[in-house]
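What follows is a set of notes on a single structure, which appears directly below.
Protein chains: 2
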Amino acid sequence: MTTALLTDRYELTMLQAALADGTAHRRSVFEVFTRHLPPGRRYGVVAGTGRVLEAVEGFRFAPAELDWLAAQRVVDDATLDYLAQYRFTGSISGYAEGEVFFPGSPLLQVESTFAEAVLLETVVLSVLNHDSAVASAASRMTSAAGDRPCLEMGSRRAHEEAAVAAARAAVVAGFAGTSNLEAGRRYGLRTIGTAAHAFTLLHDDEEAAFASQVAAMGPGTTLLVDTYDVRRGVERAVRAAGTGLGAVRLDSGDLPSQARAVREQLDSLGATGTKIVVSSDLDEHAIAALAAAPVDSYGVGTSVVTGSGAPTCGMVYKLVAREDRSGAMQAVAKTSAAKSGHLGRKTSARRVVAGEAAEEVVVGGTDPAVLAWRPEPDMRPLHEVFVQDGRLVPGWTGADGVERATRRHADSCAELPVTALRLSADDPAIPTVRVTL
Amino acid sequence: MTTALLTDRYELTMLQAALADGTAHRRSVFEVFTRHLPPGRRYGVVAGTGRVLEAVEGFRFAPAELDWLAAQRVVDDATLDYLAQYRFTGSISGYAEGEVFFPGSPLLQVESTFAEAVLLETVVLSVLNHDSAVASAASRMTSAAGDRPCLEMGSRRAHEEAAVAAARAAVVAGFAGTSNLEAGRRYGLRTIGTAAHAFTLLHDDEEAAFASQVAAMGPGTTLLVDTYDVRRGVERAVRAAGTGLGAVRLDSGDLPSQARAVREQLDSLGATGTKIVVSSDLDEHAIAALAAAPVDSYGVGTSVVTGSGAPTCGMVYKLVAREDRSGAMQAVAKTSAAKSGHLGRKTSARRVVAGEAAEEVVVGGTDPAVLAWRPEPDMRPLHEVFVQDGRLVPGWTGADGVERATRRHADSCAELPVTALRLSADDPAIPTVRVTL
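Listed in order, the protein sequences are those of chains A and B.
Going letter by letter, the first sequence gives residues 1 to 437 in the numbering used here.
Going letter by letter, the second sequence gives residues 1 to 437 in the numbering used here.
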């Protein structure tokens with residue numbers, strides 16, 4: 001499917017006016033950034049960059065789209081002609097997927113004609129705002145979970161396609177797998193699953209359900225033991241699968257005390273290798289509270305797919321520089337933004353002192369000065385090139401892109417000061433220093 | 001695209017075990033309901049039913065899906081054979097799309113074999129949880145806005161496909177249009193748009209931008225007047241379009257005082273018919289606070305597409321009854337749910353006294369008794385049939401379904417006690433009375 005109509009109507013009407021007056025072809029730089037993190041968050045995680053690049057590749061107006069736009073009289077014939085030929089021929093650069101970010105970080109830069117770049121606003125923001133919200137929450141969860149794996153099981157609480165993207169974003173932020181099959185297929189993610197209460201209830205009794213699951217899936221399966229009585233459930237689970245039972249899942253009750261009781265019972269039955277998966281409305285705080293409990297992995301649903309209280313990022317897509325009449329690039333901003341004095345095209349780097357992130361350095365100013373700027377020796381550059389003159393740079397999209405983003409997330413988090421990983425509310429983990437050239 | 005892999009892995013592994021032990025073909029009733037509304041909400045709005053029915057129609061395992069499942073060894077060959085033939089042949093019924101609901105309302109009922117029904121869990125819940133969260137928030141906004149239209153402009157803050165569904169759900173709950181073009185195309189919704197700050201900034205000055213937009217779109221267009229200085233922006237807008245200017249948009253500042261100043265200025269310039277659209281991070285409370293300000297319509301973004309603090313509903317899909325060995329239907333529940341004593345298949349009706357909703361009556365119990373139950377004369381039945389023996393009942397899907405849902409929402413809200421429409425936190429607007437037969 002084309003992504004071309006995943007677009008606000010005003011992109012097309014602005015295009016029509018700009019084509020008519022000739023400004024549509026002015027070279028322009030749009031930037032994606034957010035002014036604030038969600039209240040109390042210490043960092044954010046960029047996710048969705050690979051999906052943005054795939055969406056730009058698929059941004060084509062085929063006859064079906066053009067016919068509909070014509071029938072609805074959304075734009076005039078000259079604009080339809082332009083759209084029929086639309087291909088993005090500009091450049092896209094910015095933060096690698098998986099990288100952490102702070103308020104004002106220039107996350108994505110789209111440089112092209114106004115016409116080519118303005119049309120991408122909605123789909124670029126939709127993808128980045130959603131996926132980054134999920135990854136930012138997921139990162140706090142994997143950090144709270146430490147070495148124990150987090151498993152994404154939230155598809156049912158998100159729009160059916162958002163669920164696929166959410167699984168992908170959770171894996172970027174360190175989740176070990178997802179229950180979502182389409183996410184597994186599309187992005188090469190590991191898929192996981194246990195069983196629902198419905199499966200136990202379908203059978204005449206719990207023994208029959210467990211016997212059936214073990215017969216079908218082998219003793220390494222995960223049995224859900226809280227349909228009737230957890231103590232009897234665990235007893236029956238070990239009887240059905242033997243002491244080689246893979247895991248039991250707890251989906252209700254007071255998890256810390258429940259997990260301790262189940263661990264003792266499993267050990268006393270000789271099932272010392274059987275793991276305990278918990279999955280009852282977990283968020284980062286509940287995961288942290290289970291750190292001392294004998295739990296082996298966390299199934300996380302609602303809170304990861306909804307960004308744990310912050311279901312979207314406040315990312316915006318702003319025109320920051322464009323050609324003037326003479327063909328020179330000029331910084332632009334609405335009056336309220338211009339007050340900051342930090343205008344124009346941006347680039348950025350992270351100052352890293354003794355292996356620890358110390359500052360986010362965001363450089364703005366006149367085009368030639370920003371383009372000529374080079375990071376100092378103790379700075380790690382953050383600006384990567386994804387599309388150059390309309391050609392996709394390999395390695396950022398598809399399953400490869402997800403793997404690379406997962407590594408980048410791990411590396412970027414490892415560099416943060418430890419206080420960044422605390423869950424309590426606080427200011428951004430490192431300050432953002434604005435340099436104007 | 002098929003919807004078959006928008007599914008949690010455990011649906012398929014449970015199916016494999018149930019096929020092997022013979023229970024897969026037991027007649028089963030699954031129900032969708034929610035135990036609670038979001039804190040303080042007085043009612044919820046069902047949305048997405050039409051999309052659920054479309055997803056069930058599209059639920060097919062084609063060779064591409066079967067090959068992937070086989071390669072990943074998700075399930076065995078016998079299960080793949082079953083999936084290859086999968087067609088839903090059962091029945092689906094429940095609350096009409098657009099209807100209001102309360103905790104425990106039996107929103108959707110899927111009756112079929114266990115095998116056919118269990119596979120639909122994830123996609124059914126994904127659609128209903130997302131779309132109903134948006135519609136429930138949107139309904140509070142249209143109620144707060146009274147006769148002034150609300151316009152959905154939140155695509156950029158939601159996953160790109162969730163944005164399309166969110167636009168649809170907002171319109172079900174009374175929004176007058178959406179900025180999302182794909183939603184317009186797919187569901188026949190009215191699309192709307194103004195211009196972004198980027199359009200003004202692209203031009204050498206505001207005069208040139210306004211002149212260009214009026215030349216392209218006519219004087220009936222909506223000009224965005226807050227890029228530089230609102231007072232001068234309004235002056236230039238009227239100069240560019242004349243006193244027939246359609247509208248001005250305000251996207252920042254203190255909206256009530258700003259709207260009053262702009263209204264006076266427009267009137268003093270003779271543009272007495274020019275409307276004022278506001279669009280700065282509005283939610284239901286901000287809309288209510290603007291009731292006394294001279295505003296003509298509300299552009300709503302983030303808060304409507306993210307459910308205004310409740311981005312998902314807590315809807316679950318539970319097996320409530322299934323055949324036993326003898327072929328008789330038997331109510332089932334996990335122990336914690338069984339304590340309520342309100343088990344088995346449900347049906348429901350709303351008691352309406354003197355035109356005002358008074359009680360949600362939810363009837364549960366043994367299958368024959370619930371099936372034989374008829375609403376009392378002062379009750380409006382809520383249980384509608386959408387799919388009968390695998391055949392879709394016409395009128396619930398596509399653009400027709402959205403129109404019908406919009407009407408249902410309006411009628412259903414009109415019947416609520418006026419206190420239901422207050423925005424302050426409170427209990428559900430009417431009590432739910434559980435009848436056990």
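From the three backbone atoms N, C-alpha and C, an ideal C-beta is built for every residue, glycine too.
With 16 or more other Cβ atoms from the protein chains shown falling within 10 Å of its own Cβ, residue 170 of chain B counts as buried. Of all alpha-carbon atoms in B/376, B/396, B/375 and B/379, the one lying nearest the alpha-carbon of residue 385 of chain B is that of B/396. Neighbours of residue 318 of chain A in chain B, taken as residues at a C-beta separation under 8 Å, are given in chain order as 197 and 198.
Taking a 10 Å sphere around the C-beta of residue 284 of chain B, we find 16 or more other C-beta atoms and assign the residue as buried. Not one beta carbon of chain B lies nearer than 8 Å to the beta carbon of residue 329 of chain A. For residue 92 of chain A, the enclosing beta strand (DSSP E) begins and ends at 91-94. For the C-beta of residue 258 of chain A, not a single chain B residue is nearer than 9 Å; the gap to the nearest is close to 13 Å. Cβ-Cβ distances below 8 Å link residue 162 of chain B to 130 and 305 in the same chain, with the five nearest sequence neighbours on each side left out; the list follows chain order. Rounded to whole angstroms, the gap between the alpha carbons of residue 436 of chain A and residue 31 of chain B is 60 Å.
Proximity of residue 192 of chain B to chain A, defined by a Cβ-Cβ separation below 8 Å, is satisfied. Residue 114 of chain B belongs to the set of residues whose beta carbon lies under 8 Å from a beta carbon in chain A. Three or more beta-carbon pairs drawn from the segment 372-382 of chain A and the segment 346-361 of chain A are found closer than 8 Å, and the two stretches are therefore classed as touching. Within 7 Å of the CB of residue 203 of chain A, the CB atoms of chain B belong to 23, in sequence order along the chain. Cβ neighbours of residue 259 of chain A within its own chain (closer than 6 Å, five residues either side excluded): 276, 293, 294 and 295. Annotation: Cβ neighbours of residue 68 of chain A in chain B (cutoff 9 Å, chain order): 181, 184 and 185.
Contact between residue 98 of chain A and residue 408 of chain A holds: CB atoms are separated by about 4 Å, below the 8 Å threshold. Within the segment 200-229 of chain B, the residues whose Cβ lies closer than 7 Å to any Cβ of chain A are, in chain order, 201, 202, 203, 204, 212, 213, 215, 216, 217, 227, 228 and 229. For residue 126 of chain A, the residues of chain B that pass the 7 Å Cβ criterion are 155, 156, 158, 159, 160 and 163, in the order they occur in the chain. Partner residues in the beta bridge of residue 276 of chain A, as assigned by DSSP, are A/248. Per DSSP, the continuous beta strand (DSSP E) segment holding residue 357 of chain B begins and ends at 356-365. Distance between residue 5 of chain A and residue 404 of chain B, taken at the CA atoms: about 25 Å. For residue 113 of chain A, no alpha helix (DSSP H) run applies; the uninterrupted beta strand (DSSP E) run containing it begins and ends at 108-113, by DSSP. Using a Cβ-Cβ cut-off of 7 Å, residue 10 of chain B is close to 179, 193, 194, 195 and 196 of chain A, given in chain order. In this structure, the beta-carbon distance from residue 134 of chain A to residue 44 of chain A does not fall below 8 Å. When the five nearest sequence neighbours on each side are left out, the beta carbons in the same chain lying within less than 8 Å of the beta carbon of residue 231 of chain A are those of 261 and 265, in order along the chain.
Taking a cut-off of 8 Å for Cβ pairs, the segment 46-62 of chain B and the segment 243-253 of chain A do not touch, as fewer than three such pairs fall below it. Among the residues of chain A, those whose CB is under 9 Å from the CB of residue 324 of chain B are 204, following chain order. Bounds of the beta strand (DSSP E) holding residue 353 of chain B are 345-353.
With respect to chain B, the C-beta atom of residue 122 of chain A has a partner C-beta closer than 8 Å. Taking the Cα positions, residue 39 of chain A is about 47 Å away from residue 394 of chain B. Taking 8 Å as the upper bound for CB-CB distance, residue 127 of chain A and residue 51 of chain A are in contact here, some 5 Å apart.
By the beta-carbon neighbour count (other beta carbons within 10 angstroms, threshold 16), residue 204 of chain A is exposed. If you draw a straight line from the Cα of residue 11 of chain B to the Cα of residue 79 of chain B, it comes to about 11 Å.
Closer than 7 Å at the C-beta level to chain B, one finds no residue of the segment 387-414 of chain A. Contact between residue 300 of chain B and residue 150 of chain B holds: their C-beta atoms lie close to 6 Å from each other, under 8 Å. The segment 162-224 of chain A contains, as complete beta strand (DSSP E) runs of 3+ residues, the segments 222-224 (chain order).
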